[in-house]
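Trainee:
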Ligand SMILES: Nc1ncnc2c1ncn2[C@@H]1O[C@H](COP(=O)(O)OP(=O)(O)OP(=O)(O)O)[C@@H](O)[C@H]1O
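Residue numbers (the working numbering): 244 to 727.
#1: With respect to the beta strand (DSSP E) encompassing residue 568, which residues constitute its N-terminal and C-terminal limits?
#2: For the alpha helix (DSSP H) that residue 448 lies in, which residues bound it at each end?
#3: Quick check: does the Cβ of residue 368 come within less than 7 Å of any heavy atom belonging to ligand 1?
#4: Under 8 Å, with one C-beta from each stretch per pair, do the stretch 409-418 and the stretch 437-449 reach the 3-pair mark?
#5: In this structure, does DSSP put residue 366 in helix, strand or coil?
#6: Which residue's Cα is closest to the Cα of residue 582: 592, 604 and 571?
#7: So the candidates are 709, 678 and 705; which of them puts its Cα closest to the Cα of residue 449?
#8: Could you give the uninterrupted runs of the beta strand (DSSP E) lying entirely in the stretch 362-437, keeping only those of 3 residues or more?
#9: Please find out if some non-hydrogen atom of ligand 1 comes closer than 7 Å to the beta-carbon of residue 583.
#10: Does the beta-carbon of residue 663, which I'm using as the reference point, lie nearer than 7 Å to any heavy atom of ligand 1?
#11: Mind checking whether the beta-carbon of residue 410 lies closer than 7 Å to any heavy atom of ligand 1?
#12: As a quick check of your reading: which residues have a C-beta less than 5 Å from at least one non-hydrogen atom of ligand 1, in chain order?
#13: Does residue 446 have its Cβ less than 8 Å from a Cβ in chain D?
#14: Along the alpha helix (DSSP H) that carries residue 562, what are the first and last residues, could you check?
#15: Within its chain, find whatever has a CB closer than 6 Å to the CB of residue 394; leave out the 5 residues flanking it on each side and keep chain order.
#16: Report all residues from its chain with a CB closer than 6 Å to the CB of residue 274; omit the five preceding and five following residues, and keep chain order.
#17: Just checking my contact of residue 543 with residue 381 at CB under 8 Å: how many whole Å lie between their CB atoms?
#18: Return the residue from the list 509, 521, 519 and 523 that minimises the CA-CA distance to residue 537.
#19: On a CA-only basis, which of 421, 721, 387 and 480 is nearest residue 399? Give me that one, please.
#20: Please classify residue 720: is it buried, with 16 or more other beta-carbons within 10 angstroms of its beta-carbon, or exposed?
#21: Buried or exposed: which applies to residue 350, given that a residue is buried once 16 or more other Cβ atoms fall within 10 Å of its Cβ?
#22: By Cβ distance, which residues of its chain are closer than 6 Å to residue 516, with the 5 residues on each side in sequence left out?
#23: Measure the C-alpha to C-alpha separation of residue 632 and residue 555 and round it to an integer number of angstroms.
#24: Are the stretch 472-482 and the stretch 494-506 in contact at 8 Å, needing three or more beta carbon pairs?
#25: Keeping to the same chain, check which residues put their C-beta closer than 7 Å to that of residue 366; ignore five residues upstream and five downstream.
#26: From what residue to what residue does the beta strand (DSSP E) around residue 353 run?
#27: Ordered along the chain, which non-local residues of its own chain (more than five positions away) have a Cβ less than 6 Å from that of residue 410?
#28: Taking the alpha-carbon positions, what's the residue 506 to residue 664 distance?
#29: Would you give the residue range spanned by the beta strand (DSSP E) that residue 720 belongs to?
#30: Report the rounded CA-to-CA distance for residue 776 versus residue 579, giving the unit in angstroms.
#31: Within the same chain, show all residues whose beta-carbon is closer than 6 Å to that of residue 567, passing over the 5 residues directly before and after it, in chain order.
#32: Can you give me the C-alpha to C-alpha distance between residue 642 and residue 584, rounded to a whole angstrom?
#33: Return the chain-ordered list of same chain residues with a C-beta closer than 7 Å to the C-beta of residue 565, the five sequence neighbours on each side being excluded.
#34: Pull the bridge partners of residue 488 from the DSSP assignment, please.
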């Protein structure tokens, strides 16, 4: 009974301050929040874009600055919010964090994407978007369906389809450049895995094909990727399963596809809908794992349609899109303040992400029309009586004139005025050689069977031809040198 009483007291005390978004800063009862003084965020990139972070292994001790402490708050009231938001996985006191991945900053300015539809390049899918993502942080692109989330993600990673055109600028470490092979990872919404391999084998073959260097190094890279994605328990499990054993579930498969990108140790990781088709437990596990990955230094950018409150609390920054327009970019908790400033405070007992989508998803207008026709018979349905078109216009206008927009602009200037180290390509040449060698070996293995004996003959003839060509080329060069 006392327990019920204390729970209801807790609810009352939280509901009494519901109207203020600052009051919605999750209390220390939430598991993802820092206990006072227990952990300081180890990586500080936000106050000045220093570019020393190029080594693979960077040790950051406990005395490191806090990201949020170093951030220039979007508005004075938000500094309070920021100090409360530190959704990092807990570490023991006095722990030393080893940052293994050198992250890279990415900033985009006036990014517009048009996709050739039925009409000629008339459909602006992303409209003048601005934003940035920093090493060691998770930046989420959120919005209703068809709002341009995936298109923005693809534009940033340079993976737009041929039918798309991109205007505006994307800066990586302060330089306008296309990200080279291996410096970034991209995980699509649906990926194909090889069901007949175990997780470890799959990642190992992936590393063999993608990475230059020695086999032992690749093994350690694979083990790191397995560790980063918390796949230790499934490492020897067949991805697709067999008749007596079920294969991996969707959450685990999703983590395997992310781990496949991690074998390249990317500076920036783009993920399209990491929570696609995941239940709430798998979604939370996925996000905690990604948060852990971000804390190693990697820059994470992903799209999300909707999330629970716990998951929402793990994001660092949010880019809120509606029909290609940016309605907000900034700290996650500042977004709540923004909605409140625009006249749409998040009701108590509602997930922030649900509230944002409720306010800006035009699909709700149809539901409102439906509700209105029911209203007489079914009482007052005013809870769903928000005009989304008005909300979108108000939120956009409020953001343009807000302190958040000013701090976004300042940060973009900071990140683009100074050129940092350029990212290097990893293993492209090695990759091609490896593909050639692997193809050669598999053809040779295939030709061991007597019926493919002709294949072996052709292969040896081809080899002889190649060697002949190389030697004749060498001979020609030598003779020309001797003559001259
Ligand atoms: N390759 C393409 N060809 C034509 N139109 C496209 C293409 N890709 C995206 N679009 C259009 O761009 C708009 C935004 O699509 P996008 O996939 O970026 O949205 P989204 O927010 O990721 O939506 P969802 O979460 O439903 O995938 C949509 O109207 C879509 O029809």
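By construction, the Cβ of each residue, glycine as well, lies at the ideal position given by its N, Cα and C atoms.
Mentor: In this structure, then:
#1: Against the chain shown, residue 568 aligns to sequence position 325. Residues 568-574.
#2: Residue mapping note: residue 448 aligns to position 205 of the chain shown, counting from 1. Start and end: 442-453.
#3: For the purposes of this step, residue 368 is taken as residue 125 along the chain shown, with counting starting at 1. Proximity of the beta carbon of residue 368 to ligand 1 is indicated: a heavy atom of the ligand is located closer than 7 Å.
#4: No: the two stretches stay apart, fewer than three of their Cβ pairs being nearer than 8 Å.
#5: Against the chain shown, residue 366 aligns to sequence position 123. The answer is strand: DSSP assigns residue 366 an E or B state.
#6: As a first step, residue 582 is located in the chain shown; it is residue number 339 there, counting from the start. The residue with the shortest Cα to Cα distance from residue 582 is 571.
#7: By one-based count along the chain shown, residue 449 stands at place 206. Of the listed residues, the one whose Cα sits closest to residue 449 is 678.
#8: Entirely contained in the stretch 362-437, the beta strand (DSSP E) runs reaching 3 residues are, in chain order, 366-376, 381-385, 407-415 and 427-430.
#9: Position 340 of the chain shown, counted from the first residue, corresponds to residue 583. It does not: the Cβ of residue 583 is nowhere closer than 7 Å to a heavy atom of ligand 1.
#10: For the purposes of this step, residue 663 is identified with residue 420 of the chain shown, where counting begins at 1. Taken from the Cβ of residue 663, every heavy atom of ligand 1 lies 7 Å or farther away.
#11: Taking the chain shown and counting its residues from 1, the one referred to as residue 410 is at position 167. Because no heavy atom of ligand 1 lies under 7 Å away, the Cβ of residue 410 does not count as near it: no.
#12: The filter returns 358, 368, 388, 389, 390, 391, 392, 393, 394 and 404, in chain order.
#13: Included in the structure is just one protein chain, with no chain D present.
#14: Along the chain shown, read from residue 1 onward, the residue named residue 562 stands at position 319. That residue, residue 562, is in no alpha helix (DSSP H); its beta strand (DSSP E) goes 560-565.
#15: One-based indexing of the chain shown puts residue 394 at position 151. Only 356, 368 and 369 meet the Cβ criterion.
#16: In the chain shown, residue 274 corresponds to position 31, counting from 1. In this prediction, residue 274 scores a pLDDT of 33, lower than 50, which makes its location untrustworthy; the coordinate-derived value is nonetheless stated afterwards. Cβ neighbours of residue 274 beyond the five flanking positions: none.
#17: Sequence index remark: in the chain shown, residue 543 carries index 300 (1-based). Sequence index remark: in the chain shown, residue 381 carries index 138 (1-based). With a contact defined as Cβ atoms closer than 8 Å, residue 543 and residue 381 qualify at about 5 Å.
#18: Locating residue 537 in the chain shown gives position 294, counting from the first residue. For residue 537, the nearest C-alpha among the options comes from 509.
#19: For this step, residue 399 is matched to residue 156 along the chain shown. Of 421, 721, 387 and 480, the residue nearest in Cα terms is 421.
#20: Taking the chain shown and counting its residues from 1, the one referred to as residue 720 is at position 477. Per the 10 Å Cβ criterion, exposed.
#21: Here residue 350 refers to the residue found at position 107 when the chain shown is read from its first residue. Around the Cβ of residue 350, a 10 Å sphere holds 16 or more other Cβ atoms; the residue is buried.
#22: Counting from 1 along the chain shown, the entry for residue 516 is found at position 273. The answer, listed in chain order, is 432 and 546.
#23: The residue given as residue 632 occupies position 389 in the chain shown. The residue given as residue 555 occupies position 312 in the chain shown. Each residue's Cα considered, the two are about 25 Å apart.
#24: They touch, by the three-pair rule.
#25: In the chain shown, residue 366 corresponds to position 123, counting from 1. Sequence-distant partners of residue 366 (beyond 5 residues in either direction) whose C-beta falls short of 7 Å from its own C-beta, in its chain, are 357, 358 and 360.
#26: As a first step, residue 353 must be located in the chain shown, where it is residue number 110. Element bounds for residue 353: 349-358.
#27: In the chain shown, the residue the question calls residue 410 occupies position 167. Here residue 410 has 355 as same chain residues with Cβ atoms under 6 Å from its own Cβ, once five neighbours each way along the sequence are excluded.
#28: Position 263 of the chain shown, counted from the start, is the residue given in the question as residue 506. Position 421 of the chain shown, counted from the start, is the residue given in the question as residue 664. Looking at the two C-alpha atoms, the distance is approximately 22 Å.
#29: Counted from its first residue, the chain shown places residue 720 at position 477. From DSSP, residue 720 is part of no beta strand (DSSP E) but of the alpha helix (DSSP H) over 696-726.
#30: Lying outside 244 to 727, the shown extent of the chain, residue 776 is not represented and no answer is given.
#31: Locating residue 567 in the chain shown gives position 324, where the first residue counts as 1. By the criterion of a C-beta distance shorter than 6 Å, residue 567 is surrounded in its chain by 367, 368, 369, 370 and 391, once the five residues flanking it on both sides are discounted.
#32: Here residue 642 refers to the residue found at position 399 of the chain shown. Here residue 584 refers to the residue found at position 341 of the chain shown. For residue 642 and residue 584, the distance between alpha carbons rounds to 9 Å.
#33: Residue mapping note: residue 565 aligns to position 322 of the chain shown, counting from 1. Within the same chain, residue 565 has close Cβ partners 386, 387, 390, 603 and 635.
#34: The residue labelled residue 488 in the question sits at position 245 within the chain shown. Paired residue(s): 485.
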